[in-house]
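Student: What follows is a single structure, and I will ask about it in a moment.
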Amino acid sequence: MTRTPLIAGNWKMYLNRTEAVELARSVAAASTGLTDREVMIAPSYLSLAAVKEAVADSPVRVAAQNVAWEEQGAFTGEVAPPMLQDVGVDMVILGHSERRHVFGEDNAMVNRRMQGALQFGLSPILCVGETLEEREQENTFSVVEEQLRQGLQDISADQMAQVVVAYEPVWAIGTGKTATKEQAQEVHAFIRSTLVTLYEKTLADSVRILYGGSVKPENIDSLMAQPDVDGALVGGAALQAESFARIINFT
Ligand code: PGA
Numbered sequence: 004m005t006r007t008p009l010i011a012g013n014w015k016m017y018l019n020r021t022e023a024v025e026l027a028r029s030v031a032a033a034s035t036g037l038t039d040r041e042v043m044i045a046p047s048y049l050s051l052a053a054v055k056e057a058v059a060d061s062p063v064r065v066a067a068q069n070v071a072w073e074e075q076g077a078f079t080g081e082v083a084p085p086m087l088q089d090v091g092v093d094m095v096i097l098g099h100s101e102r103r104h105v106f107g108e109d110n111a112m113v114n115r116r117m118q119g120a121l122q123f124g125l126s127p128i129l130c131v132g133e134t135l136e137e138r139e140q141e142n143t144f145s146v147v148e149e150q151l152r153q154g155l156q157d158i159s160a161d162q163m164a165q166v167v168v169a170y171e172p173v174w175a176i177g178t179g180k181t182a183t184k185e186q187a188q189e190v191h192a193f194i195r196s197t198l199v200t201l202y203e204k205t206l207a208d209s210v211r212i213l214y215g216g217s218v219k220p221e222n223i224d225s226l227m228a229q230p231d232v233d234g235a236l237v238g239g240a241a242l243q244a245e246s247f248a249r250i251i252n253f254t
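Position in the sequence shown (first residue = 1) + 3 = my numbering.
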C-alpha cells in the first residue's frame, strides 16, 4: 500500500494578505517538480482567495482552517462549505486542538463539521491528540480512540477515502517539544488499527496519518521514516519559507 505523503502548513492566525501571498509563492516555488508528495497550505479565511490565485500554476493545495456544517444560514462568524468551494478550496483542517481547547469544540461538533465538509466535497484533515495530563495518566489511546470514533461517526467508507487524520499531541503543539519518532509511530499505528475496526483493512491502510506538533527541518526526516507517518501538519515552521521548503523536501 503506497500512501502519497502530505506536507501541510497550518498558518493559524498569522500573516496578512500580502504576506500570505508572498509566502504562498515561495511554497509554490519550493514544490516545483515534486511529484512523489503533496503540499498543502492553510491560510486564514481572508487570504484563501488570494493564496489560491498565487499558487494556481502549481500543485500546491489550499485548505481552510475550519468550516461550518450547513450550506448557509444564521451562523454568525462561520464560513459555509460552498463559500470555500467558491474560492477553489477543497480541503479543510477540522478539530484542531486550538479549536477544541480554546474555542470549546467537542467531538460531536467536530463530527458535524466533518459531515458538512464531506457532504460538500471538501476533504477534511481530522486532528486528534491527547493533552499532557492525559498522556501522564496513560489515557493517550483512549482519548485518541474516542476522538476518532466520535469524529468519524456516520462517515461512510466512501467518504473515509477522502479523509486525512492528523495526530497532534497537544503538549507538542507550539512548544518546541516534538514527540519522539517512537511516540509518534506508536500512536499512528494505534490510529490505523482503530481505523481497521471502524472500516476495513484495505481502507485503513490507504488513509494518510500526519504527525503534527513542533515539526521542524531538524526532525522531519526521522519522523517521515516511520512506517505509519504519512506526512506532517506544520505550524510555526510553516510560516518561514526556508524552513517549510526544507520540510517539504524531506528525504
Ligand atoms: P506547531 O503547530 O508546528 O507550531 O507545533 C502544529 C499545529 O498546530 O498544527
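Positions of the beta carbon are idealized from the N, C-alpha and C atoms, including for glycine.
Bear in mind the structure is a predicted one, so any value in this text is a computation, not a measurement.
My guess is that A45 and I96 are in contact by the Cβ rule of under 8 Å, so how many angstroms apart are they, rounded?
Tutor: That pair is a contact at about 6 Å.
Student: Applying the criterion that 16 or more other CB atoms from any shown protein chain within 10 Å of the CB defines a buried residue, is D233 buried or exposed?
Tutor: Looking at its Cβ environment, which holds 16 or more other Cβ atoms inside 10 Å, D233 is buried.
Student: Check the DSSP bridge columns for I96 and list the partner residues they point to.
Tutor: Note: I96 sits in a beta bridge opposite I128.
Student: Could you spell out the range, first to last residue, of the alpha helix (DSSP H) harbouring E56?
Tutor: Segment 51-57, the alpha helix (DSSP H) holding E56.
Student: What does DSSP give as the partner residues of R6 in its beta bridges?
Tutor: None, per the DSSP bridge assignment.
Student: In the structure shown, what three-state DSSP assignment does V105 receive?
Tutor: Here V105 sits in coil by DSSP.
Student: From the DSSP secondary-structure annotation, give me the bridge partner or partners of V210.
Tutor: Its beta-bridge partners do not exist; DSSP assigns none.
Student: Mind checking who N222 pairs with in its DSSP beta bridge?
Tutor: Answer is none; N222 lacks a bridge partner.
Student: In the DSSP assignment, the alpha helix (DSSP H) including V113 goes from what residue to what residue?
Tutor: Unbroken alpha helix (DSSP H) run through V113: 110-122.
Student: May I ask you to check if the CB of A47 is nearer than 7 Å to at least one heavy atom of the ligand PGA?
Tutor: Looking at the sequence provided, one finds Ser at residue 47 rather than Ala. Answer for S47: no, Cβ out of range of the ligand PGA.
Student: Please state whether DSSP places V146 in a helix, a strand or coil.
Tutor: If DSSP states are grouped into helix, strand and coil, V146 belongs with the helices.
Student: Could you check the C-alpha separation between G179 and E221 for me, to the nearest Å?
Tutor: The straight-line gap from Cα to Cα measures roughly 11 Å.
Student: Measuring alpha carbon to alpha carbon, tell me which of F78, G98, H99, V70 ends up nearest P85.
Tutor: Looking at the Cα atoms, V70 is the closest of the given residues.
Student: Would you kindly work out how many angstroms separate the C-alpha atoms of Y261 and T200, rounded to a whole number?
Tutor: In the structure as shown, the chain begins at 4 and stops at 254. Residue 261 is therefore absent and cannot be evaluated.
Student: Starting from A23, follow the alpha helix (DSSP H) in both directions and report where the run begins and ends.
Tutor: First-last of the alpha helix (DSSP H) with A23: 20-34.
Student: Applying the criterion that 16 or more other CB atoms from any shown protein chain within 10 Å of the CB defines a buried residue, is H99 buried or exposed?
Tutor: Its Cβ being crowded by 16 or more others within 10 Å, H99 is buried.
Student: Is DSSP giving V168 helix, strand or coil here?
Tutor: V168: strand per DSSP, three-state reduction.
Student: Taking buried to mean at least 16 other C-beta atoms within 10 Å of its own C-beta, is N114 buried or exposed?
Tutor: Burial call: buried.
Student: Let me make sure I understand the geometry here. Which of G36, L155, L135 has the alpha-carbon closest to that of I194?
Tutor: The candidate whose alpha carbon is nearest that of I194 is L155.
Student: Measure from the alpha carbon of A66 to the alpha carbon of each residue in S47, T79, A77, A248, then state which is nearest.
Tutor: The option with the nearest alpha carbon to A66 is S47.
Student: Measuring only the C-alpha atoms, how far is V24 from E141?
Tutor: Their backbone Cα atoms lie some 43 Å apart in a straight line.
Student: Mark N19 as exposed unless 16 or more other C-beta atoms lie within 10 angstroms of its C-beta, in which case mark it buried.
Tutor: Exposed, since its Cβ has fewer than 16 Cβ neighbours within 10 Å.
Student: What residue range is occupied by the uninterrupted beta strand (DSSP E) comprising M86?
Tutor: From DSSP, M86 is part of no beta strand (DSSP E) but of the alpha helix (DSSP H) over 84-89.
Student: Less than 8 Å between the CB atoms is what I'm expecting for A248 and S217, so what's the real figure, rounded?
Tutor: Wrong, their Cβ atoms sit about 18 Å apart, outside the cutoff.
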